[in-house]
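Chemist: Okay, here's the structure, questions in a sec.
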Amino acid sequence: MCPEPDKPEVAFIGRSNVGKSSLINALLKSKDAAKISGTPGKTQVINHFLIENSWYMVDLPGYGYARVSQTERVKWEKMVKNYLANRRSLVYLMVLIDSRIPPQKSDLEFVHYAGKNGIPFVLVFTKADKQSVAKTKSTIQEFSDKLLETWEELPPIITTSARSGLGRDEVLDVIALGLESFDAQKG
Ligand code: GDP
Numbered sequence: 117m118c119p120e121p122d123k124p125e126v127a128f129i130g131r132s133n134v135g136k137s138s139l140i141n142a143l144l145k146s147k148d149a150a151k152i153s154g155t156p157g158k159t160q161v162i163n164h165f166l167i168e169n170s171w172y173m174v175d176l177p178g179y180g181y182a183r184v185s186q187t188e189r190v191k192w193e194k195m196v197k198n199y200l201a202n203r204r205s206l207v208y209l210m211v212l213i214d215s216r217i218p219p220q221k222s223d224l225e226f227v228h229y230a231g232k233n234g235i236p237f238v239l240v241f242t243k244a245d246k247q248s249v250a251k252t253k254s255t256i257q258e259f260s261d262k263l264l265e266t267w268e269e270l271p272p273i274i275t276t277s278a279r280s281g282l283g284r285d286e287v288l289d290v291i292a293l294g295l296e297s298f299d300a301q302k303g
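This is the structure in C-alpha cells:
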C-alpha cells in the first residue's frame, strides 16, 4: 500500500546491485527521514521514505534479477508499472544505470518503456568512482547512442558515486525542481 498521494515523490529504480540503496543513503545523509510503508511480498516491495515531512523518496523493486521466476517477473511488472502509470504525485523517476558496464537489455527496455509512457525520468549513472572519467564517459556515450537510434532527444543524465559524493548535489537539485513543480501545480 502506498501513502496518500498528498506530497510529491521521487522514485528510484534500477537493476539489482546497481547501487540504489547506497545512492539513496548518500542522498538522505543529514536529512530527517522515516520509512513509512511497504507492500508486503518476498522480494518486491515499494518503500516510501518521508523526508523532512514534505516529500517522499520511493525505493522501487529492481528489475533484471537473473534468477527470478517468470511469475515473480510478471508480479514485478504489474506492481511497478501500475505504480508508474497511476501515481499522480510522482514528479521524477531516477533510473539508475551502472557506469561500469555496457548497455544492458533490461536497462534499455525499461528506459524505452519510461520514455514511451511519458514518465518524467532522469538517467543516473552510478559507481563512477570505480573507474576513470574517460571510461565512465564512454559508457554513457554508448548508452546514449543506443537511445538515439530511436529517440530524437536524450533525457537528463547525471553521473554519480555514492562513495565519493559525486553528483549528489546535482540529483538533489533535480529533486528540488520536481518538488517545486508539484507545489506550483497545487497552486
Ligand atoms: P542495490 O542492490 O542496487 O541496492 O545496490 P547496493 O547499494 O547494495 O550496492 C551494490 C554493491 O555496489 C555494494 O557492494 C556497494 O558497496 C557497491 N556500491 C554501490 N554504490 C557504489 C559506489 O558509488 N561506488 C562504489 N565503489 N561501490 C558502490
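FYI, my numbering numbers position 157 of the sequence shown as 273, with every residue one higher than the one before it.
All C-beta atoms in this analysis are idealised placements derived from N, C-alpha and C, irrespective of residue type, glycine included.
1) Run the proximity test for residue 251: is its beta-carbon closer than 6 Å to any non-hydrogen atom belonging to the ligand GDP?
2) For residue 189, does the three-state DSSP call read helix, strand or coil?
3) Taking a contact to mean a Cβ-Cβ separation below 7 Å, would you say residue 271 touches residue 224 in this structure?
4) At a threshold of 6 Å, does residue 338 count as lining the ligand GDP (C-beta to nearest heavy atom)?
5) Should residue 208 and residue 134 be called a contact, given that it needs their Cβ atoms to be closer than 7 Å?
6) Alpha carbon to alpha carbon, what distance is there between residue 221 and residue 180?
7) Determine the extent of the beta strand (DSSP E) in which residue 127 is found, giving its start and end residues.
8) Taking only the alpha-carbon atoms, compute the straight-line gap between residue 288 and residue 219 and give it to the nearest angstrom.
9) In the DSSP output, which residue or residues are listed as bridge partners for residue 122?
10) On the premise that residue 210 lies in contact with residue 128, defined as a C-beta separation below 8 Å, what is that separation, rounded to the nearest angstrom?
11) Are residue 241 and residue 230 close, meaning C-beta to C-beta below 7 Å?
Modeler: Quick look at the numbers:
1) no
2) helix
3) no
4) Absent from the structure is residue 338, since the part of the chain shown begins at 117 and ends at 303.
5) no
6) 9 Å
7) 125–130
8) 25 Å
9) Bridge partners of residue 122: none, in fact.
10) 5 Å
11) no
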